[in-house]
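Peer 1:
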Amino acid sequence: RKEVEQDPGPFNVPEGATVAFNCTYSNSASQSFFWYRQDCRKEPKLLMSVYSSGNEDGRFTAQLNRASQYISLLIRDSKLSDSATYLCVVNVFNDMRFGAGTRLTVKP
Amino acid sequence: DTGVSQDPRHKITKRGQNVTFRCDPISEHNRLYWYRQTLGQGPEFLTYFQNEAQLEKSRLLSDRFSAERPKGSFSTLEIQRTEQGDSAMYLCASSLAWTGGEQYFGPGTRLTVT
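Chains as they are written, first to last, in the working numbering: chain B, 35 to 142; chain G, 1087 to 1200.
1) Who are the neighbours of Pro-1156 (chain G) on chain B, taking C-beta pairs under 7 Å?
2) Only counting runs of 3 or more residues, tell me where the beta strand (DSSP E) segments fall wholly within the stretch 1169-1198 of chain G, in order along the chain.
3) What residues are listed by DSSP as bridge partners for Glu-1142 (chain G)?
4) With distances taken Cα to Cα, identify the nearest neighbour of Gln-1168 (chain G) among G:Thr-1099, G:Asp-1093, G:Gln-1092, G:Gly-1089.
5) From Arg-110 (chain B) to Val-126 (chain B), what distance separates their C-alpha atoms?
6) Is the CB-CB distance between Glu-1164 (chain G) and Val-1090 (chain G) below 9 Å?
7) If I follow the unbroken beta strand (DSSP E) through Ala-118 (chain B), where does it start and stop?
8) Within the continuous beta strand (DSSP E) that includes Thr-95 (chain B), where are the two ends?
9) I need the straight-line Cα distance from Pro-42 (chain B) to Ser-1148 (chain G), nearest angstrom please.
10) Compute the Euclidean distance between the alpha carbons of Phe-94 (chain B) and Leu-107 (chain B), then round it to the nearest angstrom.
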């Protein structure tokens, strides 16, 4: 079993749609959690940290369920510019474990 | 530009040759990470430094791979006796120790072993 698992997609959605990505992790000692975004042939960039209480940044909402070892990312009112691969990242004692990513394409 | 930089951006080498990559982190960042990424996969952790100390190495990192960060600033990653399976994007990232994982990535070095 992979340490961080994500639905690879692809998710193809129209502009304005709401889309949700899920991620599960296997190591209960995981300490911190993140979503990164990676555009085609570019480096990953931090999208947002994920806190136990859940957190929101504009159209993006991240949630963490430690009991279920589950992380989610919700994107509301999708824009064409949201098209990218979204990487779930789990920090286990400073060893960053990345999921394989979920690919999103937003279409006009 | 005060971001993370990597050099070279692309490297083509023949199997069996040695290659060395360089990473210059964001100047005030004390942590530096190396990752490898292949198509369709997320970055795979290789090793990380806090200042000049190499604190962790992935068990996947064979003895052909070595990394240094001699003065706690830039870092080099060397691959000896390259194999075709080493073909990948090698990414460097830096962070502040207290941020718990908010890393800033460089553009990567794409290695092709022929």
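Backbone N, C-alpha and C define an ideal beta-carbon position, used for all residues, glycine too. These numbers were taken from a predicted model, which means no experiment stands behind them.
Peer 2: Reading from the atomic positions:
1) Counted from its first residue, the second sequence places residue 1156 (chain G) at position 70. Here the premise fails: no neighbours, minimum Cβ distance about 21 Å.
2) 1174-1181
3) Your numbering for residue 1142 (chain G) matches position 56 in the second sequence. Looking at the DSSP assignment, Glu-1142 (chain G) forms a beta bridge with G:Tyr-1134.
4) Translated into the one-based positions of the second sequence, residue 1168 (chain G) becomes position 82. In the sequence under discussion, the amino acid at residue 1168 (chain G) is Thr, which differs from the Gln named in the question. Nearest C-alpha to Thr-1168 (chain G): G:Thr-1099.
5) For the purposes of this step, residue 110 (chain B) is identified with residue 76 of the first sequence, where counting begins at 1. For the purposes of this step, residue 126 (chain B) is identified with residue 92 of the first sequence, where counting begins at 1. One C-alpha to the other measures close to 30 Å.
6) To locate residue 1164 (chain G), count along the second sequence from 1; it is residue 78. To locate residue 1090 (chain G), count along the second sequence from 1; it is residue 4. Result no, Cβ atoms of Glu-1164 (chain G) and Val-1090 (chain G) do not sit closer than 9 Å.
7) Taking the first residue of the first sequence as 1, we reach residue 118 (chain B) at position 84. Unbroken beta strand (DSSP E) run through Ala-118 (chain B): 118-126.
8) Residue mapping note: residue 95 (chain B) aligns to position 61 of the first sequence, counting from 1. Thr-95 (chain B) -> beta strand (DSSP E) spans 94-99.
9) Taking the first residue of the first sequence as 1, we reach residue 42 (chain B) at position 8. Taking the first residue of the second sequence as 1, we reach residue 1148 (chain G) at position 62. Distance between the alpha carbons of Pro-42 (chain B) and Ser-1148 (chain G) is about 28 Å.
10) Mapped onto the first sequence, residue 94 (chain B) falls at position 60. Mapped onto the first sequence, residue 107 (chain B) falls at position 73. C-alpha separation (whole angstroms): 7 Å.
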